[in-house]
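So for the sequence shown, the UniProt record's numbering puts the first residue at 1; every next one is plus one. Heads up: the structure comes next, in structure tokens.
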Amino acid sequence: MSTANLPDDLRNSNPTLIESISRRAFVRNAALAGAALAALRGEGVAQQTGTGNYSNSAISGIPSGTSSPNQTAAEQVIEIKIKRAMLAGPSEITKDATVMDKDEHGKMTVLRKGTNQWVCMPGNENVIGDPPMCADPMAMQWFMDAHLRKPKPTNAVPGLCYMLCGATQHSNTDAHDKTSPAIPIGPHWMIMWPFDAKACGLPTTVRDAGAWVMFNETPYAYLHICGTPWVGNEYQPGVAPVWTMQYARG
Numbered sequence: 001m002s003t004a005n006l007p008d009d010l011r012n013s014n015p016t017l018i019e020s021i022s023r024r025a026f027v028r029n030a031a032l033a034g035a036a037l038a039a040l041r042g043e044g045v046a047q048q049t050g051t052g053n054y055s056n057s058a059i060s061g062i063p064s065g066t067s068s069p070n071q072t073a074a075e076q077v078i079e080i081k082i083k084r085a086m087l088a089g090p091s092e093i094t095k096d097a098t099v100m101d102k103d104e105h106g107k108m109t110v111l112r113k114g115t116n117q118w119v120c121m122p123g124n125e126n127v128i129g130d131p132p133m134c135a136d137p138m139a140m141q142w143f144m145d146a147h148l149r150k151p152k153p154t155n156a157v158p159g160l161c162y163m164l165c166g167a168t169q170h171s172n173t174d175a176h177d178k179t180s181p182a183i184p185i186g187p188h189w190m191i192m193w194p195f196d197a198k199a200c201g202l203p204t205t206v207r208d209a210g211a212w213v214m215f216n217e218t219p220y221a222y223l224h225i226c227g228t229p230w231v232g233n234e235y236q237p238g239v240a241p242v243w244t245m246q247y248a249r250g
């Protein structure tokens, strides 16, 4: 697990120590660090879904077989995907991260090799639950376990994942739901660890500010920490979203 983005008191800790700290203490320390980071960076400025310099529409706007003075069309697509993936997390992480893309069959391809153990992915705004993301090794293990439908995630310490472009999700209660309508979620980052909402005193409903637990009371429960651009709205099924994914810096 990369500890580059953990609070100072955890950065040099070994996995045994990290695993032994209380979940409440971890939430407190990590949330403070993440909130400060988001505020300083000003990440997550809303745009319309499917628009922006790095959206699917930008990719489809490149005619097949065309090229710029220095790039083929295929190279331009890869460049757009890399830039979109890098919007998912803080620049001090994404600048050295490996960028990988996933095709419709789930096959992973390396678009750019990194040096810091983090993996960023461009996602696909036309697929619910496939947002741009940047994850450390333990979070990647969590996502792989969920994809393989394992009974529970196998990461031994908390994983960290950023989705600063926002996301969509089928369900707030079932990690394996693939059919329900999309739930919009604003810019956020996550701690991939089985938090218990009641024990932590946290809500379980999708909201756009503060922390809440997704998939509560299941092995795949984890913590969301949300911030701007939403201001205290709580999502209700059937209500039009007030925030959509963005792919361009404000």
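Beta carbons are placed, not taken as given, at the ideal position from N, Cα and C, and that holds for glycine.
Boundaries (first-last residue) of the alpha helix (DSSP H) holding residue i
| i | result |
| --- | --- |
| lysine 102 | Note, lysine 102: premise wrong, no alpha helix (DSSP H); beta strand (DSSP E) at 98-102. |
| histidine 147 | 137-147 |
| isoleucine 93 | 91-94 |
| glutamine 76 | 73-86 |
| cysteine 200 | 197-200 |
C-alpha distance - residue i paired with residue j, whole-angstrom precision
| i | j | result |
| --- | --- | --- |
| histidine 224 | isoleucine 183 | 14 Å |
| leucine 87 | cysteine 165 | 7 Å |
| aspartate 130 | tyrosine 162 | 13 Å |
| aspartate 136 | asparagine 70 | 33 Å |
| proline 122 | asparagine 116 | 18 Å |
| tryptophan 189 | proline 151 | 24 Å |
| aspartate 208 | glutamate 75 | 36 Å |
| glycine 89 | arginine 112 | 16 Å |
| alanine 211 | lysine 107 | 32 Å |
| threonine 204 | threonine 173 | 9 Å |
| serine 171 | valine 157 | 25 Å |
| proline 181 | leucine 202 | 25 Å |
| methionine 144 | threonine 179 | 20 Å |
| glutamine 48 | lysine 102 | Because the pLDDT of glutamine 48 is 36, which lies under 50, any placement of that residue in the model is unreliable, and the number read from its coordinates should be weighed accordingly. Taking the straight line from one Cα to the other gives about 23 Å. |
Top-ranked residue by Cα proximity to residue i, from the options
| i | options | result |
| --- | --- | --- |
| isoleucine 93 | Cys134, Gly106, Arg112 | Cys134 |
| residue 312 | Asn216, Ile191, Ala209 | As shown, the chain starts at 1 and ends at 250. That puts residue 312 outside it, with no answer to give. |
| proline 132 | Leu202, Ile82, Ala197 | Ile82 |
| cysteine 226 | Cys120, Gly186, Ile80, Thr218 | Gly186 |
| alanine 197 | Pro219, Ala167, Met100 | Pro219 |
| glutamate 104 | Thr98, Asn124, Gly201, Ala85 | Asn124 |
| arginine 149 | Met140, His176, Val213, Thr168 | His176 |
| valine 119 | Ala139, Ile128, Val127, Asn126 | Ala139 |
Residues of its chain near residue i, where Cβ-Cβ distance is below 7 Å and the 5 sequence neighbours each way are ignored
| i | result |
| --- | --- |
| tryptophan 142 | Pro153, Asn155, Gly159, Met192 |
| proline 194 | Pro219, Ala221 |
Enclosing beta strand (DSSP E) for residue i [first to last residue]
| i | result |
| --- | --- |
| tryptophan 193 | Here tryptophan 193 belongs to no beta strand (DSSP E), and DSSP marks it neither H nor E. |
| alanine 156 | Alanine 156 -> no beta strand (DSSP E), and no H or E assigned at all. |
| tryptophan 118 | No beta strand (DSSP E) holds tryptophan 118; DSSP gives it neither H nor E. |
C-beta neighbour in chain D for residue i, strict 8 Å
| i | result |
| --- | --- |
| histidine 170 | Within the model displayed, chain D is absent; a lone protein chain is all it includes. |
8 Å Cβ shell around residue i - same chain, five flanking residues per side excluded
| i | result |
| --- | --- |
| lysine 95 | Met86 |
Proximal residues to residue i (C-beta, below 6 Å), its chain only, five neighbours per side dropped
| i | result |
| --- | --- |
| alanine 167 | Pro131, Ile185 |
| valine 110 | Met100 |
| glycine 114 | Asp96, Ala97, Thr98 |
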